[in-house]
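> Everything in the sequence shown is counted per our numbering, starting at 1046 for the first residue and increasing by one.
In this text, a Cβ means the ideal position worked out from N, Cα and C, and glycines have one as well.
Bear in mind that the values here come from a model prediction, so they are computed numbers and not experimental data.
Sharing a structure below in structure tokens format, with a few things to ask.
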Amino acid sequence: MSPQPDHVAAEALLAILAGCRRADRVCQRQLYLRYYSYAMSVCLRYTRTRDEAMEAVNDGFMKIYRDIIRFDVTKHELNGSFRGWLKRIMIHTAIDHYRATEKHQHQQDLDEVSNYHPDTGASALDSLAYDELLQLIQRLTPGYRTVFNLYVIDGFTHEEIAQQLGISVGASKSNLSKARAHLKAMLLKTAHHAYA
């Protein structure tokens, strides 16, 4: 099956979105099936299990169906802008799930950390393949994993992370530092090729 030309894909998405605005169940299902894998890949980064990710994905799609009227379909590149809008909703939904279950677990304010020295040099993390890194990130505690994903993968600032998670900027920085240290330790234990 060959990929659809961009204008055909955009027209199909426009039709699906128009149907979702009318609460057409068929169009909602088409949207879900079209973006399920992408939404799941986003939510898996913020959850401990596939079941938790599935719950976040489903809640995220409910928000999308409810708020679809707010999405501007006149954007220049419809597919890319919708994908970005969906990603933001999924991240926020996964974070809401995180906050509801494990908000204060595994976090420590930067002021409480003795001898904090950020590592500014290049590390083995810089040479990891994306999939390898995601597998290691999944093994982090929820607090560390969430901050790491938000900062390193999704590009949020510490101030934005602090606001999203209801923690201090210092706690965000501390959790990121500890996440990196734990990832480094995991790499050493598995004798990753970058350390060879």
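1) Put E1056 into one of helix, strand or coil per three-state DSSP.
2) Near T1138, what residues of its chain come up, given a Cβ to Cβ distance below 7 Å and the 5 sequence neighbours on each side ignored?
3) Measure the C-alpha to C-alpha separation of I1140 and S1217 and round it to an integer number of angstroms.
4) So is N1194 buried or exposed if we call it buried at 16+ other beta carbons inside 10 Å?
5) Does the Cβ-Cβ distance between Y1091 and T1202 come in under 9 Å?
6) Buried or exposed: which applies to V1087, given that a residue is buried once 16 or more other Cβ atoms fall within 10 Å of its Cβ?
7) For W1130, I'd like the list of residues in its chain whose CB is within less than 7 Å of its CB, leaving aside the five on either flank, ordered along the chain.
8) Along the chain, where does the alpha helix (DSSP H) containing F1106 start, and where does it finish?
9) Name the two residues that bound the continuous alpha helix (DSSP H) containing K1120.
10) Is it buried or exposed, I1114, if we count other Cβ atoms within 10 angstroms and call 16 or more buried?
11) What do you get for E1056, buried or exposed, if any count of 16 or more other CB atoms within 10 angstroms of its CB means buried?
12) Kindly indicate the opening and closing residues of the alpha helix (DSSP H) around T1191.
13) Hey, could you find the ends of the alpha helix (DSSP H) S1213 is sitting in?
14) Span of the alpha helix (DSSP H) holding V1071?
15) Tell me which residues share the same chain as S1126 and place their Cβ nearer than 6 Å to its Cβ, disregarding the 5 neighbours each side in the sequence.
16) Taking all protein chains shown into account, do 16 or more other C-beta atoms lie within 10 angstroms of the C-beta of K1223, making it buried, or fewer, making it exposed?
17) Please work out which residues of its chain come closer than 7 Å, Cβ to Cβ, to L1076, disregarding the five sequence neighbours upstream and downstream, and give them in chain order.
18) Could you tell me if V1209 is buried or exposed, where buried requires 16 or more neighbouring beta carbons within 10 angstroms of its beta carbon?
Reading it off the structure:
1) If you number the sequence shown from 1, residue 1056 lands on position 11. DSSP, reduced to helix, strand and coil, places E1056 within a helical segment of the structure shown.
2) Sequence index remark: in the sequence shown, residue 1138 carries index 93 (1-based). A1101, D1104, G1105, K1108.
3) In the sequence shown, residue 1140 corresponds to position 95, counting from 1. In the sequence shown, residue 1217 corresponds to position 172, counting from 1. If you take the alpha carbons of I1140 and S1217, they lie about 14 Å apart.
4) Walking along the sequence shown from the start, residue 1194 turns up at place 149. Buried.
5) Counting from one through the sequence shown, the residue named residue 1091 turns up at place 46. Counting from one through the sequence shown, the residue named residue 1202 turns up at place 157. No.
6) Taking the first residue of the sequence shown as 1, we reach residue 1087 at position 42. By the 16-neighbour rule on beta-carbons within 10 angstroms, V1087 is buried.
7) One-based indexing of the sequence shown puts residue 1130 at position 85. Shown here for W1130: same chain residues with a beta carbon closer than 7 Å to its own, the five before and five after excluded, namely F1116 in chain order.
8) On the sequence shown, position 61 is the one that residue 1106 refers to. Segment 1095–1112, the alpha helix (DSSP H) holding F1106.
9) Counting from 1 along the sequence shown, the entry for residue 1120 is found at position 75. DSSP places K1120 in no alpha helix (DSSP H); its state is neither H nor E.
10) Working through the sequence shown from its first residue, we reach residue 1114 at position 69. By the 10 Å Cβ count, I1114 comes out exposed.
11) Counting from one through the sequence shown, the residue named residue 1056 turns up at place 11. When all chains shown are included, E1056 counts as exposed.
12) As a working note, residue 1191 is residue 146 in the sequence shown. Per DSSP, T1191 belongs to the alpha helix (DSSP H) from 1187–1193.
13) Start at 1 with the first residue of the sequence shown, and residue 1213 comes out as number 168. Segment: none, S1213 is in no alpha helix (DSSP H) and carries neither H nor E.
14) Numbered from 1 along the sequence shown, position 26 holds the residue referred to as residue 1071. Here the alpha helix (DSSP H) through V1071 covers 1070–1089.
15) The sequence position of residue 1126 within the sequence shown is 81, counting from 1. Closer than 6 Å at Cβ, skipping near neighbours: K1120.
16) Taking the first residue of the sequence shown as 1, we reach residue 1223 at position 178. K1223 is buried by the Cβ-count criterion.
17) Your numbering for residue 1076 matches position 31 in the sequence shown. If we look at L1076 and ignore the five residues flanking it on each side, its Cβ neighbours are I1061, C1065.
18) Counted from its first residue, the sequence shown places residue 1209 at position 164. Strictly speaking, residue 1209 in this sequence is Gln, with Val absent from that position. Q1209 should be labelled buried.
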